[in-house]
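S.K.: For the sequence shown, the numbering used here gives the first residue as 28, with consecutive numbering after it.
Please see the structure below; I have some questions.
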Amino acid sequence: MGNQQSNMGGGPGGDGRDDKDKKKDKPRYEPPPPPTTRIGRKKRKAAGPSTASKLPDIYPTSRCKLRYLRMQRVHDHLLLEEEYVENMERMRKSKALVTQSSAAQSDLDVTDRNADERSRVDDMRGSPMGVGNLEELIDDDHAIVSSATGPEYYVSIMSFVDKDLLEPGASILLHHKSVSVVGVLTRSLIPWYQ
């Protein structure tokens, strides 16, 4: 007769406890990690050999079969690399012999290639360029810039721009139509700037 329920049905008591255990097993929401974006100059790595020419560390350091097998693997890789370099040198020499008869023509080809690459970059940059200031870097490919005419723009940064020189307050070259960043003005490029 009181406030408590009777357990006459023969059912097990404490059903509410099992429901709580089920709730505890349910995974909780975890927010995604913050995006990793670099602002300002890129950090330089320590001076030393590049990662391509650097040999991997071999562990364990004590003499054993595992160390021997790993050293053999590195040795085989170095032999393959050496063979590849020798084959490339042989191919270059054979191409040089074939094109040696037309040496004057090959010099023209090299200058044509360089001129072609320069013209492609100039086409991307656009002939009439504007000058602006970099206000803020959003990510590696976008920034907020203010042009000389006044308004601020959210623009893209072309892939050929040296991202190490980009920092807030830098003078930049802007494409005349898309207002995208196509270059960075440094003191060496501006003779009248002091």
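Ideal placement from N, C-alpha and C gives every residue a C-beta, glycine not left out.
Is it the case that the Cβ atoms of L202 and I184 are separated by a distance below 8 Å?
M.R.: For the sequence presented, residue 202 should be read as His rather than Leu. Against a cut-off of 8 Å, the Cβ pair of I184 and H202 comes out as no contact.
S.K.: Is the Cβ of Y95 closer than 8 Å to any Cβ of chain D?
M.R.: This model lacks chain D altogether, as it is built from one protein chain only.
S.K.: What's the gap between the Cα of E109 and the Cα of E194?
M.R.: When rounded, the distance between both Cα atoms is 42 Å.
S.K.: Looking only at its own chain, which residues have a Cβ that is under 7 Å from the Cβ of T213, when we skip the five neighbours before and after it?
M.R.: If we look at T213 and ignore the five residues flanking it on each side, its Cβ neighbours are L192.
S.K.: DSSP three-state call for V112: helix, strand or coil?
M.R.: Reduced to three states, the DSSP call for V112 is helix.
S.K.: List the whole-angstrom C-beta distance separating V208 from V172, where the pair is believed to meet the contact cut-off of C-beta under 8 Å.
M.R.: About 7 Å separates the two Cβ atoms, so the contact holds.
S.K.: If you compare alpha carbons, which of G196, Y180, D189 is closest to S204?
M.R.: Reading off the sequence, residue 204 comes out as Lys, not Ser. That would be Y180, whose Cα lies nearest to the Cα of K204.
S.K.: Where does G210 land, buried or exposed, given buried means 16+ other C-beta within 10 angstroms?
M.R.: Burial call: buried.
S.K.: Between the C-alpha atoms of V206 and V182, what's the straight-line distance to the nearest angstrom?
M.R.: C-alpha separation (whole angstroms): 7 Å.
S.K.: Can you tell me whether S93 is buried or exposed? The criterion is at least 16 other CB atoms within 10 Å of its CB, across all chains shown.
M.R.: The question names Ser, yet the displayed sequence has Leu at residue 93. Exposed.
S.K.: Have a look at L82 and S89 and give me their C-alpha separation to the nearest angstrom.
M.R.: Distance between the alpha carbons of L82 and S89: 18 Å.
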